[in-house]
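Note that this note's numbering has the sequence shown beginning at 1191, numbered continuously upward.
In this text, a Cβ means the ideal position worked out from N, Cα and C, and glycines have one as well.
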Amino acid sequence: MTKANIILTGFMGTGKSTVGKLLAKALGYRFVDTDELIQVRTGRTIAEIFNEKGEAAFREMEAETARELGRKSGLVISTGGRLMLDPDNAAALGETGRIFCLKATPEEIVARISGDAGAERPLLKGGDPIERIVGLMREREAGYARFQGIDTSGQTPEAVAKRLLEAYQTD
Ligand code: S3P
């Protein structure tokens, strides 16, 4: 039996990587983080890619990553916050995987991101972070709504992973 991948999407700081790692461990699947993969392959941080090559080049790297990972199985894939909002990427990954969208409030996102020192988010730089998050979330709301949502507010990563596991195994 092929093992359908699990694809985690959702806004920055919703816990995709933390929860994804727990889920991969529970299922015996391999965990892949698209940002991480791009960073390892380019030898640059996401912030450096945005600065040196621009956002469009980063989005093209995401598209390439989506096409490649869509051909594999047995993976839990944590995707960068905008990757699955591109219909071609969603089609490539959706072909072989179940998609879940993690949700959290802007306040929780700020708290989680500030504890994530190694991962600078170029799109949240400058200005009031809550305002930037609320604005970007509004733009992306309809895109995220296409996927099955899982609210993570006030929940531990373990509890979220357990709910996802149940959702993945029952339907
Ligand atoms: C982005 C989210 C980031 C990263 C990049 C852009 C976005 O990933 O891909 O900074 O546009 O939402 P995370 O969602 O893992 O933080």
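- By the 16-neighbour rule on beta-carbons within 10 angstroms, arginine 1220 is exposed.
- Counting only runs that start and end inside the region 1278-1314, the beta strand (DSSP E) elements of at least 3 residues fall at 1287-1293.
- Assignment of arginine 1220 by DSSP, reduced to helix, strand and coil, places it in the strand class.
- DSSP places glutamine 1338 inside the beta strand (DSSP E), whose first and last residues are 1338-1341.
- Between the ligand S3P and the CB of arginine 1311, the shortest heavy atom gap is smaller than 7 Å.
- Comparing C-alpha distances from aspartate 1225 to each of Glu1238, Leu1217, Ala1194, Glu1356 shows the shortest one belongs to Glu1238.
- Under a 10 Å Cβ-count criterion, glutamate 1348 is classified as exposed, with fewer than 16 other Cβ atoms of the shown protein chains found around its own Cβ.
- Contact between valine 1209 and alanine 1351 holds: their C-beta atoms lie close to 5 Å from each other, under 8 Å.
- In the structure shown, the three-state DSSP call for threonine 1199 is strand.
- When secondary structure is reduced to three states using DSSP, serine 1268 falls in the strand class.
- For the options Glu1242, Lys1293, Asp1223, Gly1205, the alpha carbon positioned closest to that of arginine 1336 is the one of Lys1293.
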